[in-house]
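The structure under discussion appears below in the form of structure tokens.
There are 2 protein chains.
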Amino acid sequence: MTLQDARTPENGANGDEKSQIGWHKGYVSGSRPDLRVPVRRVHLTNGKDVTLYDTSGPYTDPNIETDVRRGLAPLRENWIIGRGDTEEYSGRPLRPEDDGLKHTSPRGGLKNLDAVFPGRPRQPRRGREGAAVTQLAYAQRGEITTEMEYVALREKVTPEFVRDEIAAGRAVLPANVNHPEIEPMIIGKNFLVKVNANIGNSAVTSSIEEEVEKMTWATRWGADTVMDLSTGRNIHTTREWVLRNSPVPIGTVPLYQALEKVDGKAEELTWEIYKDTVIEQAEQGVDYMTVHAGVLLRYVPLTARRKTGIVSRGGSIMAAWCLAHHQESFLYTHFEELCEILASYDVTYSLGDGLRPGSIADANDEAQFAELRTLGELNTIAKRHGVQTMIEGPGHVPMHKIKENIDLQQEICEEAPFYTLGPLTTDIAPAYDHITSGIGAAMIAWWGTAMLCYVTPKEHLGLPDRDDVKTGVITYKIAAHAADLAKGHPGAQEWDDALSDARFEFRWEDQFNLALDPDTARAFHDATLPAEPAKTAHFCSMCGPKFCSMKISQSITDRFGGDEGSTPEEIEAGMLEKSREFAESGNRVYLPLAN
Amino acid sequence: MTLQDARTPENGANGDEKSQIGWHKGYVSGSRPDLRVPVRRVHLTNGKDVTLYDTSGPYTDPNIETDVRRGLAPLRENWIIGRGDTEEYSGRPLRPEDDGLKHTSPRGGLKNLDAVFPGRPRQPRRGREGAAVTQLAYAQRGEITTEMEYVALREKVTPEFVRDEIAAGRAVLPANVNHPEIEPMIIGKNFLVKVNANIGNSAVTSSIEEEVEKMTWATRWGADTVMDLSTGRNIHTTREWVLRNSPVPIGTVPLYQALEKVDGKAEELTWEIYKDTVIEQAEQGVDYMTVHAGVLLRYVPLTARRKTGIVSRGGSIMAAWCLAHHQESFLYTHFEELCEILASYDVTYSLGDGLRPGSIADANDEAQFAELRTLGELNTIAKRHGVQTMIEGPGHVPMHKIKENIDLQQEICEEAPFYTLGPLTTDIAPAYDHITSGIGAAMIAWWGTAMLCYVTPKEHLGLPDRDDVKTGVITYKIAAHAADLAKGHPGAQEWDDALSDARFEFRWEDQFNLALDPDTARAFHDATLPAEPAKTAHFCSMCGPKFCSMKISQSITDRFGGDEGSTPEEIEAGMLEKSREFAESGNRVYLPLAN
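Residue numbers (UniProt numbering), protein chains in the order written: chain C, 1 to 595; chain Y, 1 to 595.
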């Protein structure tokens with residue numbers, strides 16, 4: 001593989017200019033010219049480079065002109081067409097109610113949906129009759145797709161390993177044939193731990209533009225996938241804008257939109273309305289869908305005396321439906337039909353945990369684990385249909401009950417990727433639930449969770465704004481990377497080592513540029529010692545020059561570190577010699593302390 | 001025990017008025033009139049009260065007038081005098097260099113030290129000849145002190161249990177006889193996990209007033225102890241202000257001041273200068289002192305080829321001294337003499353981990369564990385002298401290496417309280433090291449660490465300001481409480497349950513008042529839905545009224561929850577009945593969904 005670098009000038013072309021100094025977007029090339037895997041290359045002042053995983057998409061490449069009104073280039077289009085197993089078709093006609101506009105007042109007007117996203121119109125695509133077009137089906141047949149090769153370069157493993165993990169159902173590569181814009185990524189316990197960021201407007205607040213901006217902002221800081229959880233007006237159009245501009249897989253909960261179509265009356269939901277919504281979203285290009293098919297009628301009473309009942313939106317809607325009709329969930333009874341639909345677009349299942357605990361008191365209870373066992377059954381059925389599948393997990397769980405969750409999920413679901421929300425390890429800190437959950441997230445990821453759904457500081461209190469999205473993503477990247485280290489993921493520690501070397505050698509600019517958030521690290525440093533010389537100073541404001549342990553310790557390393565091959569005994573002997581020199585010269589060994 | 005409540009009016013008298021609505025300072029009384037343990041009582045809108053541990057001192061009691069220029073009332077003075085085993089004495093004379101003023105220019109003037117803290121002058125106190133005046137000595141003799149009874153009320157355990165844990169060396173009750181102002185607290189793995197906050201000026205920045213303000217601010221948010229790590233000018237005076245105004249035990253690292261006295265030249269340190277500094281600080285009332293007596297000459301070469309050498313300030317100073325003289329550390333060779341000094345004031349040892357790892361790469365290495373074994377030996381010696389002792393721990397440690405630390409410490413140090421910094425679970429996130437370390441802190445506390453030393457967002461970058469102190473304390477209170485839950489500490493979950501009940505019942509004001517940080521929780525909520533009616537609304541801005549899972553789920557609980565004794569089968573039967581009613585009435589079961 002060769003490294004083709006899109007050299008970034010001192011100031012990047014994409015808005016956030018300051019943060020581009022010291023690093024630039026590079027590409028690792030694969031077996032074909034259009035297979036170029038983006039990386040973040042950090043240039044250190046000691047002449048070395050560090051290459052990091054990059055989720056930010058074309059937005060951070062100054063050589064690529066992006067326009068949110070046109071969308072990203074369809075990177076995968078030729079790969080999909082080239083396989084010859086899909087076909088374009090006219091698609092489901094768009095209807096005003098797709099945007100929740102059924103009750104729009106005459107004054108508000110009814111917009112032409114086609115005009116709302118100005119990018120090029122396109123026909124939806126699906127698998128040809130009889131063709132199995134999912135990455136799982138390809139892997140099971142022994143084929144290595146371009147997407148798999150892309151992912152292998154990204155993860156620094158072989159394409160065969162990627163294929164085998166997908167074939168075993170231990171990993172998913174969410175990539176709807178109608179979302180050619182994405183840069184492929186993989187979710188599985190034997191790969192880097194991934195992070196999902198939720199965005200989405202609601203009836204109460206926010207706009208389309210804000211959601212698209214939140215999506216690019218989230219991927220800028222490291223979100224590997226984004227879920228659009230919009231529930232209000234313009235739900236179809238918002239999703240179209242997000243999909244066409246997203247370099248990462250997009251997930252949704254189709255039930256939310258289906259509920260909008262029946263004006264919020266859960267009992268009026270039907271399989272037909274739900275199915276129509278799934279097709280609508282699959283045609284748009286949604287890569288994975290949360291389906292709460294494990295909330296069965298008989299499980300609902302198990303939640304009645306919980307402290308916090310059902311806290312999943314999808315779970316509570318389906319529970320309400322089951323109770324109102326006293327019938328089994330249509331998601332469960334029509335599950336095989338749903339598999340066929342998802343398979344024809346390669347939409348990945350995210351089997352939702354509708355009965356996840358919403359408080360410490362409810363963790364690991366009968367309701368939660370009953371649903372998990374049903375998700376295990378559904379996972380087996382989905383795999384049989386060639387549908388890629390991951391399983392969603394809790395929720396609120398105290399530390400000592402976390403491991404039971406992942407162990408049980410891995411056993412019941414045949415090692416299918418676990419995709420967890422947190423878990424939150426205590427309920428007492430609203431406004432800090434990124435932290436209460438970041439603790440649980442790091443632990444459960446160490447023990448095998450493949451993807452973490454972020455939690456922002458606004459959890460339980462309101463919708464996240466731009467700052468909250470960033471804080472949530474950074475917190476979860478920390479949890480994911482801490483887990484990568486603990487799992488001994490090959491190469492994970494190189495990043496820590498590079499930063500620690502920079503720290504020990506007082507290369508402040510390198511520390512900033514290697515940091516998960518260079519902007520904030522630099523700002524914090526400058527808040528106390530803003531002068532430019534302080535960036536090369538051999539101390540910082542914490543201890544001042546006299547007390548700097550690193551500075552004292554460096555002189556120990558310099559004087560007594562010895563050669564690569566020295567034993568501690570040899571070093572000790574050298575140390576004694578140095579001590580004599582000191583005594584004889586009457587001079588000071590530790591120059592740094594003389595400051 | 002009775003609850004004497006210092007009723008707080010709607011607006012508290014102490015500055016931060018808004019946060020006082022809905023809770024007030026209460027007291028739990030013990031066996032004598034002057035034994036009143038402060039608690040935070042939260043009044044819920046459903047008429048119930050929740051009682052929480054309170055570290056904020058007299059500052060949050062509107063019935064007590066405080067004046068930082070006079071200091072707090074000496075709560076324990078009569079208890080100490082009453083024991084009759086200590087005596088006042090003239091004390092060590094104060095010298096200008098105690099404040100690092102040796103080189104003050106004539107223009108700057110040399111202030112009269114006695115005048116700098118205007119509070120009442122007092123004589124220092126120490127144990128009478130032959131008297132063993134430490135809480136450990138009392139406990140070993142089977143005595144229950146008033147301090148132990150105070151702590152028992154605070155922790156909701158028996159005084160006998162407190163005494164036995166101290167006697168076994170499994171817990172410490174840091175309480176210098178010269179610090180009568182403190183509200184006693186205990187540190188041990190069988191008690192609530194505690195949090196320490198570091199403050200301190202340095203040569204580069206900050207002032208006395210700022211440090212006192214940081215101390216009261218830290219305790220306001222839950223810091224159980226505070227370490228004054230000042231290294232610059234006015235070091236003695238800063239400490240005097242902090243001690244006289246602190247309701248929590250104060251820790252220091254005497255080596256820092258000793259180094260100031262030799263103008264920052266480590267090799268010029270002597271046992272005499274160090275001892276003089278320890279006595280100076282013990283006379284002021286420092287409750288525990290970090291002593292890096294485990295950094296032995298022969299361990300220094302073990303650090304020479306580390307990635308980040310020695311990162312402890314105290315450790316690097318002692319390493320420098322050992323190397324310069326090629327002699328064993330005076331802290332080690334004079335350890336028994338130091339024990340006698342500390343014992344006479346009841347200063348608690350915090351045996352410092354001078355060789356703790358400063359990067360993921362250096363975790364659990366030979367240098368670190370060699371020092372730990374020496375700390376184990378010193379712990380045994382200290383206990384023999386009746387000196388209370390805790391052991392400091394790392395540092396930077398990846399998740400999979402954390403448990404080894406606490407297990408080894410508990411084994412080597414006979415279950416002496418472990419007092420850990422973090423550990424930080426990755427090096428890649430400067431500006432977020434409260435989070436990288438909060439993850440490790442929660443885990444190591446679950447596994448047995450007794451006190452966590454906080455890390456602020458400014459770690460590695462600069463000195464924490466007011467906001468950083470708060471963020472650090474809150475993050476660590478989360479870690480500590482998550483650990484209390486995981487350890488199954490009696491009563492810990494009551495707090496979570498109360499908050500979760502409030503959440504499920506849409507008692508927004510109760511949620512805010514029960515939150516670890518009511519101000520921020522309220523502000524975040526108001527940012528999206530500021531209107532007063534939203535505080536009682538049965539939904540929030542996250543999902544809007546139609547999608548509120550809690551609202552849907554509540555109606556399930558209301559309709560099908562059954563009586564306390566109902567079985568799931570009975571509930572299921574009731575559910576079927578309700579479903580029939582619904583069908584017959586032709587009406588909607590889920591009223592909330594109709595909104």
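Yeah, the Cβ is synthetic: ideal placement off N, Cα and C, and Gly gets one too.
Secondary structure of residue 326 of chain Y, DSSP reduced to three states: Coil, per DSSP.
Can you look up residue 446 of chain C in the DSSP assignment and give me helix, strand or coil? Reduced to three states, the DSSP call for residue 446 of chain C is helix.
What residues in the stretch 358 to 370 of chain Y bring their beta carbon closer than 9 Å to a beta carbon of chain C? Listed by position, the residues of the stretch 358 to 370 of chain Y near chain C (Cβ gap below 9 Å) are 358, 359, 360, 361, 362 and 366.
Report the neighbours of residue 430 of chain Y on chain C: residues whose CB is nearer than 7 Å to its CB, in chain order. Under the 7 Å cutoff, chain C gives 511, 515 and 521.
Among Y:500, Y:228 and Y:123, the one whose alpha carbon lies nearest that of residue 245 of chain Y: Minimum Cα-Cα distance from residue 245 of chain Y among the listed residues Y:500, Y:228 and Y:123 corresponds to Y:228.
Less than 8 Å between CB atoms is the rule here; does residue 418 of chain C satisfy it with respect to chain Y? Chain Y, which has no Cβ nearer than 8 Å to the Cβ of residue 418 of chain C, makes this no.
Counting beta carbon pairs with one atom in the stretch 362 to 382 of chain C and one in the stretch 401 to 411 of chain Y, are three or more of them shorter than 8 Å? With a cut-off of 8 Å, the stretch 362 to 382 of chain C and the stretch 401 to 411 of chain Y do not count as touching, because too few Cβ pairs lie within range.
Which residue comes first and which comes last in the beta strand (DSSP E) that contains residue 358 of chain Y? Following the DSSP letters along the chain, one finds residue 358 of chain Y in no beta strand (DSSP E), marked with neither H nor E.
Please identify the residue among Y:167, Y:286 and Y:181 whose C-alpha is closest to the C-alpha of residue 188 of chain Y. Its Cα nearest to that of residue 188 of chain Y, the residue Y:167 stands out among Y:167, Y:286 and Y:181.
Is there a Cβ of chain D sitting closer than 8 Å to that of residue 218 of chain Y, yes or no? As a matter of chain content, chain D is missing from the structure shown, whose protein chains are C and Y.
Give the DSSP-derived three-state secondary structure of residue 96 of chain Y in the structure shown. Looking at residue 96 of chain Y - three-state DSSP - the assignment turns out to be helix.
Give me the residue from Y:469, Y:464 and Y:525 with the minimum Cα distance to residue 524 of chain C. When each option's Cα is compared against that of residue 524 of chain C, the closest is Y:464.
Go ahead and label residue 327 of chain C buried or exposed: buried means 16 or more other beta carbons lie within 10 angstroms of its beta carbon, across all protein chains shown. With fewer than 16 other Cβ atoms within 10 Å, it is exposed.
Return no unless some Cβ of chain Y is closer than 8 Å to the Cβ of residue 400 of chain C. Closer than 8 Å: yes.
Hey, how far is the Cα of residue 391 of chain Y from the Cα of residue 455 of chain C? Taken atom to atom, the span from the alpha-carbon of residue 391 of chain Y to that of residue 455 of chain C is near 35 Å.
May I have the straight-line CA-CA distance separating residue 70 of chain Y from residue 199 of chain Y, to the nearest angstrom? Each residue's Cα considered, the two are about 21 Å apart.
I need the DSSP call for residue 29 of chain Y, collapsed to helix, strand or coil. Here DSSP, grouped into helix, strand and coil, assigns residue 29 of chain Y to strand.
Chain C contact residues for residue 281 of chain Y, given Cβ-Cβ distances below 7 Å: The premise fails here: residue 281 of chain Y is roughly 17 Å from chain C at the closest Cβ pair, so nothing lies under 7 Å.
Does the stretch 141 to 149 of chain Y come close enough to the stretch 208 to 224 of chain Y that 3 or more CB-CB pairs lie under 8 Å? Because the criterion of three Cβ pairs below 8 Å is not met, the stretch 208 to 224 of chain Y and the stretch 141 to 149 of chain Y do not touch.
Comparing C-alpha positions only, which one of Y:518, Y:510 and Y:489 sits nearest to residue 157 of chain Y? Among Y:518, Y:510 and Y:489, the Cα nearest to that of residue 157 of chain Y belongs to Y:489.
Nearest-angstrom Cβ-Cβ length linking residue 164 of chain Y and residue 194 of chain Y, presumed shorter than 8 Å: Contact doesn't hold; Cβ gap of about 19 Å is too wide.
Using the Cα positions of residue 430 of chain Y and residue 439 of chain C, report the straight-line distance between them to the nearest angstrom. Going by the C-alpha atoms only, they are around 17 Å apart.
Answer with buried or exposed for residue 73 of chain Y, where buried requires no fewer than 16 other C-beta atoms within 10 angstroms of its C-beta. Exposed, by the Cβ-count rule.
Contact defined as beta carbons within less than 8 Å: I believe residue 150 of chain C pairs with residue 184 of chain C. What is the distance between those atoms, to the nearest angstrom? Residue 150 of chain C to residue 184 of chain C, Cβ: 5 Å. Contact.
Assuming residue 446 of chain C contacts residue 498 of chain C under a Cβ cut-off of 8 Å, what Cβ separation, rounded to an integer in Å, is found between them? About 22 Å separates the beta carbons of residue 446 of chain C and residue 498 of chain C, which is beyond the 8 Å limit, so they are not a contact pair.
Please confirm if the stretch 129 to 143 of chain Y is in contact with the stretch 249 to 260 of chain Y, defined as three or more CB-CB distances below 8 Å between the two stretches. Here the stretch 129 to 143 of chain Y makes no contact with the stretch 249 to 260 of chain Y; the two share fewer than three CB pairs at distances below 8 Å.
Give me the Cα-Cα distance between residue 368 of chain Y and residue 356 of chain Y, rounded to the nearest whole angstrom. Roughly 6 Å between the two C-alpha positions.
Beta-carbon separation (whole angstroms), residue 527 of chain Y vs residue 521 of chain Y, contact threshold 8 Å: A Cβ-Cβ distance of about 11 Å is found for the pair residue 527 of chain Y and residue 521 of chain Y, leaving them out of contact under the 8 Å criterion.
Between the beta-carbon of residue 136 of chain C and the beta-carbon of residue 386 of chain C, is there less than 8 Å? Between residue 136 of chain C and residue 386 of chain C, the CB-CB gap stays under 8 Å.
Is it the case that the stretch 297 to 305 of chain Y contacts the stretch 264 to 273 of chain Y, given that we only count it when at least three CB pairs across the two stretches are under 8 Å? Here the stretch 264 to 273 of chain Y does not lie against the stretch 297 to 305 of chain Y, with fewer than 3 beta-carbon pairs under 8 Å apart.
Can you give me, in chain order, the residues of the stretch 155 to 179 of chain C that have a beta carbon less than 7 Å from any beta carbon in chain Y? Result list empty, no residue passes.
Looking at residue 393 of chain C: is its Cβ nearer than 8 Å to the Cβ of residue 352 of chain C? It is not a contact, given that the beta carbons lie outside the stated cut-off.
Which residue comes first and which comes last in the alpha helix (DSSP H) that contains residue 255 of chain Y? For residue 255 of chain Y, the enclosing alpha helix (DSSP H) begins and ends at 254 to 261.
Report the rounded CA-to-CA distance for residue 319 of chain C versus residue 354 of chain Y, giving the unit in angstroms. Rounded to the nearest angstrom, the gap between the Cα atoms of residue 319 of chain C and residue 354 of chain Y is 57 Å.
Euclidean distance between Cα positions of residue 346 of chain C and residue 124 of chain C: Rounded to whole angstroms, residue 346 of chain C to residue 124 of chain C spans 13 Å at the Cα level.
Would a check of beta-carbon distances place residue 25 of chain Y closer than 8 Å to chain C? It does not: the Cβ of residue 25 of chain Y has no partner Cβ on chain C nearer than 8 Å.
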